[in-house]
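Chains as they are written, first to last, in the working numbering: chain A, 1 to 349; chain B, 1 to 349. For every residue, glycine included, the Cβ atom is placed at its ideal position computed from N, Cα and C.
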């Protein structure tokens, strides 16, 4: 330790497993050091992290006893969190990546990470858009919106589409993909500022603040007098129950997540599943990673939309690794407006 | 009234809308008379009813305020119930049916019925099997099992299949279709007699009495140590919650009905829907009537299986229209063993 080629490596580590809403104190910033060379015999790449993404799924591995599912990282107290991010390759033993490459994929919540398995790392080719976009719009969140809407929901022009958590990373893009296809799109979110954003900047036909609605069933009937063809589910709980009452025959629900339930000891009950039979509803859970062969076509389309000014992307970027715990905690309180990412370092080694 | 060509027409009428479990007293047997000729200007057919089918969905239109859904008959106090049945055409103004034809489809709970719309009436061609089969195995229940399993669940050889209400009209056939395809099949039901039936007569690999199990999650883990590929949902409630914890990745749930919930004022909450994302589960509600173009191929296949002795069909046939209310009430208490039908009259006008 302590040689000339060692650098400081600050990390966000999990202090203890979390119950209920995560708090900043559940994480700690620690300072370690590391060499900027992959250790002898180590595979993969060593990267410098530039942006980290704050995503709702990260709540799951913060709980004790998680990690039984195949799609989640497992967090350990004392070790750094993991998540999606944008990074630059500093050393490589992979034939797919060379020093200086920009990549996005799963990385550590720290300044530098060793990524031994590069399967889920994607090289960034087009840098004419901000690099932060690859921690959201052109990364996991945007691809989730694309897959969940275009692949899972079988959408067609004129469909009535409802998106919850619509001002979030995924929701804002689902709504815009749906508008580009010619759908009627209504979104919900939790503040006046977000509702203004949805209606005035993101092009949603209608939007409402769910916190101001006391009868979600009546609210949905107001916005969808003939019912909902497609519901893009991000929240779960009472919203899902109200949606089930308002689906059209043969309606489709793609389940991306249920953020309203992640911090509850026992999830709220869903009481209206009987509607699934009467209305022949399809409910499909999905993960973008199952559809990754579609990533190139998604990237091509979305880059074109961005350059043609057809997609608006709202980011909420926290500054510096020290700000990461508060940024992550904030998404469960709805504090972020748009995609929550964290800026770690500039694109220079 | 009272001419020579008038006959008695006993009817099972709804006495009042029902709350909670239906009781025999919610229905009444009344005696009316009718002519065995279609009235002047009336379309369709006049039929003599031979068998009536008792089905769980009939609970819905017994409630006040029902009938908003497109797929259900609407019952009115003082008027006869409707349901599936086997009938003989006594008079016809339809070019599709002639006097003497045997048919199955929606008819009244009475001795004779005028069926003005014959769209949902199917002519019975093969009478080498008992006529009662067309009120179940070769009618709505059997076709529901076929569609729900083969069309909705995308089954393949070796899949692990779980069927609830497995000794009922639909469940017993789903299990047998699954065994014929080479699946591992476990069923549940509510009595020792039904469990014996499933294991010893219907060929299920395993079966258990859900009333004797105090931890359904543990029970399912015992029978499906590697998880469930396909769940054929007939019951809802806590069983569905336990199943969600035990589905495999990319598991499929076809929702035929949720009989455990039909008599509750407020349906029980389902708490484990988060599993839908982690496991990419598909939940699909369906109605056989949406797939009726497949009926001929279903009939062809099932008649062949019956004649080859590959399908066993267990019926529970009540005798006479007067026994119909008790038979219908009984299916919500699990009293029937096998498909509950009611014998009304022999095949002779």
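- Under DSSP, residue 283(B) forms a beta bridge with 283(A) and 253(B).
- Going by C-alpha positions, residue 250(A) is about 29 angstroms away from residue 19(B).
- Taken in chain order, the members of the segment 260 to 273 of chain B whose beta-carbon sits within less than 9 angstroms of a beta-carbon on chain A are 261, 262, 266, 267, 268, 269, 270, 271, 272 and 273.
- With respect to the 8 angstroms criterion, residue 98(B) and residue 89(B) are classified as neighbours on the basis of their beta carbons.
- DSSP places residue 73(A) outside both helix and strand once states are collapsed to three, so it counts as coil.
- Beta-carbon to beta-carbon, residue 46(B) and residue 91(B) are separated by about 4 angstroms, close enough to satisfy the 8 angstroms threshold.
- By alpha-carbon distance to residue 15(B), the top candidate from 29(B), 21(B) and 8(B) is 29(B).
- Against residue 280(B), the close residues of chain A are 285, 286, 287 and 290, in the order they occur along the chain (beta-carbon pairs closer than 7 angstroms).
- Annotated three-state conformation of residue 52(B) is strand, per DSSP.
- Remark: C-beta atoms of residue 43(A) and residue 120(A) do not approach each other more closely than 8 angstroms.
- By the Cβ test, the segment 213 to 227 of chain A is not in contact with the segment 228 to 236 of chain B, since fewer than three Cβ pairs between them sit closer than 8 angstroms.
- Per DSSP, reduced to three states, the secondary structure at residue 310(A) is coil, with no helix or strand assignment.
- Residue 278(B) sits in a helix when the DSSP states are folded into three classes.
- Closer than 8 angstroms to the CB of residue 163(A) there is not a single CB belonging to chain B.
- Legend: CB atoms of the segment 215 to 236 of chain B lying less than 8 angstroms from CB atoms of chain A belong to residues 236.
- Secondary structure of residue 272(B) (DSSP, three-state): coil.
- If the five residues before and after residue 134(A) are omitted, its C-beta is found closer than 6 angstroms to the C-beta atoms of 86, 104 and 124, all from its own chain and listed in chain order.
- If you draw a 10 Å sphere on the C-beta of residue 253(B), you find 16 or more other C-beta atoms in it, and that means buried.
- Taking all protein chains shown into account, residue 336(B) has 16 or more neighbouring C-beta atoms within 10 Å of its C-beta and is therefore buried.
- Residue 91(A) sits in a strand when the DSSP states are folded into three classes.
- DSSP places residue 317(B) inside the beta strand (DSSP E), whose first and last residues are 315 to 319.
- Secondary structure at residue 166(A): coil, using DSSP grouped into helix, strand and coil.
- With respect to residue 186(B), residue 213(B) sits apart: the two C-beta atoms are not nearer than 8 angstroms.
- Looking at the DSSP output, residue 302(A) sits in no beta bridge, so it has no partner there.
- If you keep only unbroken alpha helix (DSSP H) runs of at least 4 residues inside the segment 216 to 240 of chain B, you get 216 to 223.
- For residue 308(B), the closest of 150(B), 12(B) and 300(B) by C-alpha to C-alpha distance is 300(B).
- Taking the CA atoms as reference points, residue 259(B) sits about 42 angstroms from residue 330(A).
- Residues of the segment 242 to 260 of chain A with a C-beta less than 8 angstroms from any C-beta of chain B: 249, 255, 256, 257 and 258, listed in chain order.
- Bridge pairing for residue 80(B): 13(B) [DSSP].
- A straight-line Cα-Cα distance of about 53 angstroms links residue 7(A) and residue 230(B).
- The Cβ neighbour count for residue 136(B), taken over all protein chains shown within 10 Å, is at least 16; the residue is labelled buried.
- For residue 276(B), at least one C-beta of chain A is nearer than 8 angstroms to its own C-beta.
- Secondary structure of residue 23(A) (DSSP, three-state): coil.
- Shown here, residue 204(B) sits in coil according to DSSP, grouped into three states, outside any helix or strand.
- Ranked by Cα distance from residue 273(A), the first of 266(A), 282(A) and 265(A) is 282(A).
- Annotated three-state conformation of residue 327(A) is helix, per DSSP.
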